[in-house]
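*Asks:* Submitted below is the structure of interest, expressed as structure tokens.
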Amino acid sequence: MANNPYRYVGALAGNGNWEDATRWTTLLDPNYRVINAQGQVVNGLPTASEEGPNGTGGDFGSICVEFEGPGDGCVDTATGEFEDTSPMPTETSGEVANSRARVSLDAIAGTGSETAAVAGEGELLEGSEVAAISGRASLETDVAAISGRASITTDIAAISGTADLDTENVAISGRADLDTEVQAQGFSNVPLPAPTLANGLPGARNFVPNNIEAVTTDTVRVDPRFYDVTLSQTGTTTLSSAVTIDRLTVRGAAGLTVAGAGNLTSLIDINQFGGIVNVAGSVTSVGDYTLFAGMLAGTGTVNAPFLTSVTGVFSPATMGTTGTLNINGNLVMSSGTTFLVDVGSAGASDRLAVTGAASVGGIVNIGTAITQQVNGNGQRFTILTATDGVTGTFTERNISAILSQNFIYQTNAVLLEIEAASYSTVIDPTDPNQRAYAQLFDQNRGNAALSGLFALDFADTDTIRDTFVRLTPVSEQAVRSMSGQTVNLLQNFNDARLRESNRDSAGGKIAVTGSPLNAVQAGLAPNSQPLGAGLMGLQDGETEVMEADLPDNVGIYLAGGQIAGSFDSAPGFDQESDISGVFVSGGIEFFPGDATMVGISGYFSSTAADVPLGQEVKSETYAASLYARHQLAGGAVLDGQFSIGSIGFDTTRQVRFLNTAQTLESNTDNLLVQGALGLSYDLETGIGTFSPGVEGRYASVDLSTIRESGGTLALTIERERFESVQGRFGVDFEKATKVVQINANAQFVYEFEEGPQLLAANFAQGTGPNANFVLDGADQTWVELGINAQVGQGPVKLGAGFDTTIGRDTANARVFRGSLSYSF
């Protein structure tokens, strides 16, 4: 071992410098073999020192002489036992021959003169020197002793393990004993010395692997030293100088960093089975560099006839940054290769620059920095160049549900192109909201103002679908529903005044309707009227009055209350939208005659709706109304009303896009116009008054186009005018005593306007046509039923009522209400 100039060495675990002598240790030479206790030949060293030239402790096997004649045999070198393998003798005349010698019978008898003995490897025997050939005899002349343990002191060669013969002749016989005893065998008990670089034992320390060439002159002798380096322990070794070794092997979790000033040369080859080799300087392999596994990174240069990757990973520069790794030689990338490519702005990317030919294969993974290069449809990056040409292909893969790779192969380069698929390929095609946003994203891909939105390109299918659903402007459904509710509440309020107001409430009286200081529950239905005046905090019973200094034909009323209810949300959302608010109204009513009443009033309401997805709609309405009633001579009653005003909507959408929140807001004021004309007839009966009648209503809210603000997801929404045309037929019933008043009503409602089914919108900064979202249409027909009772006498009256709808698809309203009326 000490005479062997070759040393197998490795680095210790942890991080350190190649030039640090304490970092290295010698390893067991894989060429050394021992026999273990199980009789197996294994890589190892003896546990004790060598026994020297006369040692016998390691003897094994047999030494045999096979002439196919008398005296053949084998000696077991471990036990010293002799086994006779001589053939049985046969009688014959003439000359006796075997494979080694031929002598005459006279010579055998000892009576002849010089008799020639012919042997294959022997000599001519003189008559006096004829060997006695016998299975039991001993030779008396100088015949070679054939023994496992003995040797002859004469000129004849001894075949022996350890002992000498004292005589010149050795008995050659299967039964004979050796003339001398075989010496006893023994083993050395001297332990191995401490490992040093000089003696070659594994475990030596304090050296730096760097080949030393032999120097032999008359005055100088330098012994050679050659290193086979293995990096297999966890940790990184950093080389910052010029070093030459015979071979480099990297495996496991080991790392090698060749700094900018580092220059590593391997005279045989380099084999990497794992770990990371990061080259900022230069790595040279006289033979091939084989990247079986592990990662090769950096911006330096690798010099090798062939750099061949089996299942290796290439990562120019460092992960997350861009740079070029130079390969001075030929490059082979098998199908198991992974090429990690980071991309930057303005087409910058990682690159492999090959001076020879490149045979490409495997897959290309794009680094996470690609997510910063959003809206990247059609972007191209040069990821490999090869002076002597490019062959082979990479496997094209999807980057995400939307983005995919496309490789362009030129004579001396490979370009990576990012392609974007249509969002319509990943959405649920049955969901109109997803279809709308898929259209908006596709047509705005080239819009630089919205480039940030295309970070969604990197999301998976479920995330894209969920994002589109959560961006749905469900607040727009609330705007249309609240438009209809506000107008109809106003209409119903005026209609209640037309029924309740009479000359008895005039003449210095102030009528107080409802309970301005108390809340009255009301259920609201989308795109339809409220269920009666009770929904506005009003009561169907008689109105309380108080004395005031007014003309006999003039009355003043004040009304107020609280609104609460719910309505259906946009299609696809099961959660209802809740609405709450307050109203205040007051007016003056004139009675020019007993059969005629004319009123003017002012109305204000403020409501807010909590909509699914964290959206909210607030509305304020200001309106002035003119209404009148006249009873004809035949008992029929003709009434009508007209209102004009403004209804404003403030919308807020709290949306979250890829963990980033945006608050999108809009506000508008819209013209409100409504009118109604009714005809009824009072029928007095013994059980009360029945008033069958018909009524026609019209209402419109001039909803205008709105433009949201607050982020890139803001929409420009083209709201369509809200219109409602209704025909109503029903009957009212009233029964009044001094203490109790009961009112009941039943109405059949037919809505002539179905309302728009689509809502057109685009991004506020978008391009291209509008996309269509879906709205819920109005119900066409339904029935409204209600009953109300008031109990009391004097200044205080208590009331309770219940209203419901029958036959509605979009809303199933049930209203419970209570009231308290009092005089000032």
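In the working numbering, the protein residues as written are -5 to 818. The beta-carbon is built from N, C-alpha and C at its ideal position, and this holds for glycine as well.
(1) Going by the beta-carbon positions, is the gap between Ser595 and Thr615 smaller than 8 Å?
(2) Have a look at Ser303 and Asn9 and give me their C-alpha separation to the nearest angstrom.
(3) So for Arg199, helix, strand or coil by DSSP?
(4) Rounded to whole angstroms, what's the CA-CA distance from Cys68 to Met82? Just pull it up for me.
(5) Locate the alpha helix (DSSP H) running through Tyr551, then write down its first and last residues.
(6) Using the C-alpha atoms, what's the distance from Ala693 back to Ala490?
(7) Under the three-state reduction of DSSP, which class applies to Glu62: helix, strand or coil?
(8) Pick from Gln569, Leu709, Gly65: whose alpha carbon is nearest that of Asn438?
(9) For Ala352, collect the residues of the same chain with a Cβ closer than 7 Å to its Cβ; drop the 5 residues on either side in sequence, then sort them by chain order.
(10) Distance, Cα to Cα, Gly36 vs Pro196?
(11) Contact between the segment 250 to 258 and the segment 227 to 234 is defined here as three or more beta-carbon pairs at a separation below 8 Å; is this criterion met?
(12) Which residue wins for smallest C-alpha separation from Pro24, given the options Trp18, Ala31, Ala7, Val3?
(13) According to DSSP, is Ala603 helix, strand or coil?
(14) Give the C-beta separation of Leu592 and Ser563 to the nearest angstrom, bearing in mind that I take them to be a contact with Cβ-Cβ under 8 Å.
(15) Can you tell me whether DSSP reads Ser279 as helix, strand or coil?
(16) Which stretch, first to last residue, makes up the alpha helix (DSSP H) that contains Ile458?
(17) Within 10 Å of its beta-carbon, does Asn834 have 16 or more other beta-carbons around it, so buried, or fewer, so exposed?
(18) Along the chain, where does the alpha helix (DSSP H) that runs through Asp23 open and close?
(19) Which partner residues does Gly690 have in the DSSP bridge list?
(20) What residue range is occupied by the uninterrupted alpha helix (DSSP H) comprising Asn359?
(21) Quick check on this structure: which residue in Ser469, Phe643, Gly566 has the alpha carbon closest to the alpha carbon of Leu665?
(22) Checking the sheet assignment: what are the DSSP bridge partners for Gln609?
(23) Take the Cβ of Glu583 as the centre, count every other Cβ of all protein chains shown within 10 Å, and call the residue buried at 16 or more, exposed below.
(24) Compute the beta-carbon to beta-carbon distance between Phe267 and Asp282, rounded to the nearest angstrom, for a pair I have assumed lies under 8 Å.
(25) Quick one: what does DSSP say Phe435 is sitting in, helix, strand or coil?
(26) Leu242 to Pro423, Cα distance in whole Å?
(27) Under the DSSP definition of a beta bridge, which residues are partnered with Val733?
(28) How far does the beta strand (DSSP E) with Arg391 in it extend, from its first residue to its last?
(29) Going by other Cβ atoms of all chains shown within 10 Å of its Cβ, with 16 needed for buried, is Tyr744 buried or exposed?
(30) Within the same chain, show all residues whose beta-carbon is closer than 6 Å to that of Asp149, passing over the 5 residues directly before and after it, in chain order.
(31) Where does Asp588 fall in DSSP's three states?
(32) Can you tell me whether DSSP reads Thr662 as helix, strand or coil?
(33) Nearest CA to the CA of Trp12: which residue from Leu552, Thr238, Ile206?
(34) I need the DSSP call for Glu470, collapsed to helix, strand or coil.
(35) So, helix, strand or coil for Arg245, using DSSP?
(36) For Glu678, report the span of its beta strand (DSSP E) as first-last.
*Replies:* Here's the rundown:
(1) Mapped onto the sequence shown, residue 595 falls at position 601. Mapped onto the sequence shown, residue 615 falls at position 621. No, they are not a contact pair.
(2) As a first step, residue 303 must be located in the sequence shown, where it is residue number 309. As a first step, residue 9 must be located in the sequence shown, where it is residue number 15. Approximately 26 Å between the Cα atoms of the pair.
(3) Here residue 199 is taken as the residue at index 205 of the sequence shown, counted from 1. Reduced to three states, the DSSP call for Arg199 is coil.
(4) Taking the first residue of the sequence shown as 1, we reach residue 68 at position 74. Taking the first residue of the sequence shown as 1, we reach residue 82 at position 88. About 16 Å.
(5) One-based indexing of the sequence shown puts residue 551 at position 557. Not the alpha helix (DSSP H): Tyr551 falls in the beta strand (DSSP E), residues 548 to 561.
(6) For the purposes of this step, residue 490 is taken as the residue at position 496 of the sequence shown. For the purposes of this step, residue 693 is taken as the residue at position 699 of the sequence shown. Whole-angstrom Cα-Cα distance: 17 Å.
(7) Translated into the one-based positions of the sequence shown, residue 62 becomes position 68. Residue state, collapsed to three classes: coil.
(8) Taking the first residue of the sequence shown as 1, we reach residue 438 at position 444. Minimum Cα distance to Asn438 is reached at Leu709.
(9) By 1-based counting over the sequence shown, the position of residue 352 is 358. So the list reads Leu325, Leu378, Ala380, Val384, once near-sequence residues are dropped.
(10) Counting from one through the sequence shown, the residue named residue 36 turns up at place 42. Counting from one through the sequence shown, the residue named residue 196 turns up at place 202. According to the sequence provided, residue 36 is Val. The question's Gly does not apply to it. Those two C-alpha atoms are separated by around 16 Å.
(11) Flag = yes, the segment 250 to 258 and the segment 227 to 234 touch.
(12) Numbered from 1 along the sequence shown, position 30 holds the residue referred to as residue 24. Considering only alpha carbons, the answer is Val3.
(13) In the sequence shown, residue 603 corresponds to position 609, counting from 1. Here Ala603 sits in strand by DSSP.
(14) Position 598 of the sequence shown, counted from the first residue, corresponds to residue 592. Position 569 of the sequence shown, counted from the first residue, corresponds to residue 563. According to the sequence as given, residue 592 is Val; it is not Leu. At roughly 41 Å, the Cβ-Cβ gap does not stay under 8 Å, so Val592 and Ser563 are not in contact.
(15) Position 285 of the sequence shown holds residue 279. Ser279 falls in the strand class under three-state DSSP.
(16) The residue labelled residue 458 in the question sits at position 464 within the sequence shown. Unbroken alpha helix (DSSP H) run through Ile458: 455 to 464.
(17) Outside the displayed span of the chain (-5 to 818) sits residue 834, for which this structure offers no information.
(18) In the sequence shown, residue 23 corresponds to position 29, counting from 1. Asp23 -> no alpha helix (DSSP H), and no H or E assigned at all.
(19) Counting from 1 along the sequence shown, the entry for residue 690 is found at position 696. According to DSSP, which records beta bridges pairwise, Gly690 is partnered with Leu671, Gly721.
(20) Residue 359 sits at position 365 when you count from the first residue of the sequence shown. That residue, Asn359, is in no alpha helix (DSSP H); its beta strand (DSSP E) goes 357 to 360.
(21) What you label residue 665 is simply residue 671 of the sequence shown in a count that begins at 1. Here the closest residue by C-alpha is Phe643.
(22) Residue numbering aside, residue 609 sits at position 615 when the sequence shown is read from its first letter. Partner(s): Val605, Arg647.
(23) Reading the sequence shown from its first residue, position 589 is the one you call residue 583. The residue is buried, with at least 16 neighbouring Cβ atoms inside 10 Å.
(24) Within the sequence shown, residue 267 is the residue found at index 273, counting from 1. Within the sequence shown, residue 282 is the residue found at index 288, counting from 1. With 8 Å as the limit, Phe267 and Asp282 do not qualify as a contact, their Cβ atoms being about 14 Å apart.
(25) Mapped onto the sequence shown, residue 435 falls at position 441. In the structure shown, Phe435 sits in a helix (DSSP, three-state: H, G or I).
(26) Residue numbering aside, residue 242 sits at position 248 when the sequence shown is read from its first letter. Residue numbering aside, residue 423 sits at position 429 when the sequence shown is read from its first letter. C-alpha separation (whole angstroms): 58 Å.
(27) Residue mapping note: residue 733 aligns to position 739 of the sequence shown, counting from 1. Bridge partners of Val733: none, in fact.
(28) Looking up residue 391 in the sequence shown gives position 397. Per DSSP, Arg391 belongs to no beta strand (DSSP E) and is neither H nor E.
(29) Within the sequence shown, the letter at position 750 stands for residue 744. Tyr744 is exposed by the Cβ-count criterion.
(30) Indexing the sequence shown from 1 puts residue 149 at position 155. In this predicted model, Asp149 has a pLDDT of only 39, less than 50, meaning its place in the structure is not dependable; the value taken from the coordinates is given anyway. The same chain holds no residue with a CB closer than 6 Å to that of Asp149 once the five nearest residues on each side in sequence are set aside.
(31) If you number the sequence shown from 1, residue 588 lands on position 594. Coil, per DSSP.
(32) As a position in the sequence shown, residue 662 is number 668, starting the count at 1. If DSSP states are grouped into helix, strand and coil, Thr662 belongs with the strands.
(33) By 1-based counting over the sequence shown, the position of residue 12 is 18. Looking at the Cα atoms, Thr238 is the closest of the given residues.
(34) The residue labelled residue 470 in the question sits at position 476 within the sequence shown. Looking at Glu470 - three-state DSSP - the assignment turns out to be helix.
(35) What you label residue 245 is simply residue 251 of the sequence shown in a count that begins at 1. If DSSP states are grouped into helix, strand and coil, Arg245 belongs with coil.
(36) Here the question's residue 678 lines up with position 684 in the sequence shown. Boundaries of the beta strand (DSSP E) harbouring Glu678: 677 to 679, taken from the DSSP string.
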